[in-house]
Amino acid sequence: MNVHETRDSSAPWWNIANVITMARIAMVPFFLAALLIPDGVVWRLVALVIFLVAAITDRLDGYLARSRGLVTNLGKILDPIADKVLTGGALVALSWLGELPWWVTVVILGREFAITMMRFIVIRIAVLPASRGGKLKTVTQIVAISLWLLPLTSLPGFVTVVAWIAMGGAVVVTVVTGVEYLVHGVRVARNGRGPEGGDRS
Numbered sequence: 052m053n054v055h056e057t058r059d060s061s062a063p064w065w066n067i068a069n070v071i072t073m074a075r076i077a078m079v080p081f082f083l084a085a086l087l088i089p090d091g092v093v094w095r096l097v098a099l100v101i102f103l104v105a106a107i108t109d110r111l112d113g114y115l116a117r118s119r120g121l122v123t124n125l126g127k128i129l130d131p132i133a134d135k136v137l138t139g140g141a142l143v144a145l146s147w148l149g150e151l152p153w154w155v156t157v158v159i160l161g162r163e164f165a166i167t168m169m170r171f172i173v174i175r176i177a178v179l180p181a182s183r184g185g186k187l188k189t190v191t192q193i194v195a196i197s198l199w200l201l202p203l204t205s206l207p208g209f210v211t212v213v214a215w216i217a218m219g220g221a222v223v224v225t226v227v228t229g230v231e232y233l234v235h236g237v238r239v240a241r242n243g244r245g246p247e248g249g250d251r252s
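Residue numbers for the sequence shown follow the working numbering, beginning at 52 and rising by one.
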């Protein structure tokens, strides 16, 4: 998802962008609690609303950090953590409830883990450029997870079909962009340098 990108500034770590990021992390326990309440259509919708609000704040904190010169090292660390905790928590919870196949969760989280490990390795050599594929991956995952958070058993069957199509698309985009990102990371590591810019996987 969106990373507090661009170069570092002298901004204090305690700023509005970082506060929003930390608030997004703080939303996760409430989101999971609402999602895991059994047989509760209302609570399921509450979980969906919390998820969507958190997803919106992901765009907001990055915008504020860039536009107001509030980019900090703390923000660069917290933002991807917040992203992965939110989406990862949603996927694991849906699989735990027996609604989403575990292989979907494993594939998506496996990709994120691989990219994160590569980032830690390559960041010592170069800064990877922003990826449009990463933006597409984020959008497809948010749309797919949002559909799966709906109380599908209480909705017409075609909604479930749409949810499956969306999740299938998210898995494909996640894998393809992950492979592209890994290949690019290897090339950057071999060259020993990369263009200056933000990192969006």
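Positions of the beta carbon are idealized from the N, C-alpha and C atoms, including for glycine.
- Cβ contact annotation for residue 218 (same chain, cutoff 7 Å, sequence separation greater than five): 155, 195, 199, in chain order.
- In the structure shown, the three-state DSSP call for residue 162 is helix.
- Under a 10 Å Cβ-count criterion, residue 69 is classified as buried, with 16 or more other Cβ atoms of the shown protein chains found around its own Cβ.
- For the pair residue 184 and residue 231, the CB atoms are nearer than the 8 Å cut-off.
- Sequence-distant partners of residue 71 (beyond 5 residues in either direction) whose C-beta falls short of 8 Å from its own C-beta, in its chain, are 108, 111, 112, 115.
- Under the three-state reduction of DSSP, residue 65 is assigned to coil, being neither helix nor strand.
- Straight across, the Cα-Cα distance linking residue 142 with residue 65 is about 31 Å.
- A distance below 8 Å between beta-carbons, with the five flanking residues on each side excluded, links residue 202 to the following residues of its chain, in chain order: 92, 95, 96.
- Per the C-alpha coordinates, the member of 84, 125, 160 positioned closest to residue 226 is 160.
- Per DSSP, residue 150 lies in no alpha helix (DSSP H) segment and is marked neither H nor E.
- Non-local C-beta neighbours of residue 158 in its own chain, meaning closer than 8 Å and more than five positions away in sequence, comprise 222, 225, 226, ordered along the chain.
- Residue 229 is positioned such that its CB atom lies no closer than 8 Å to that of residue 132.
- Here DSSP, grouped into helix, strand and coil, assigns residue 175 to coil.
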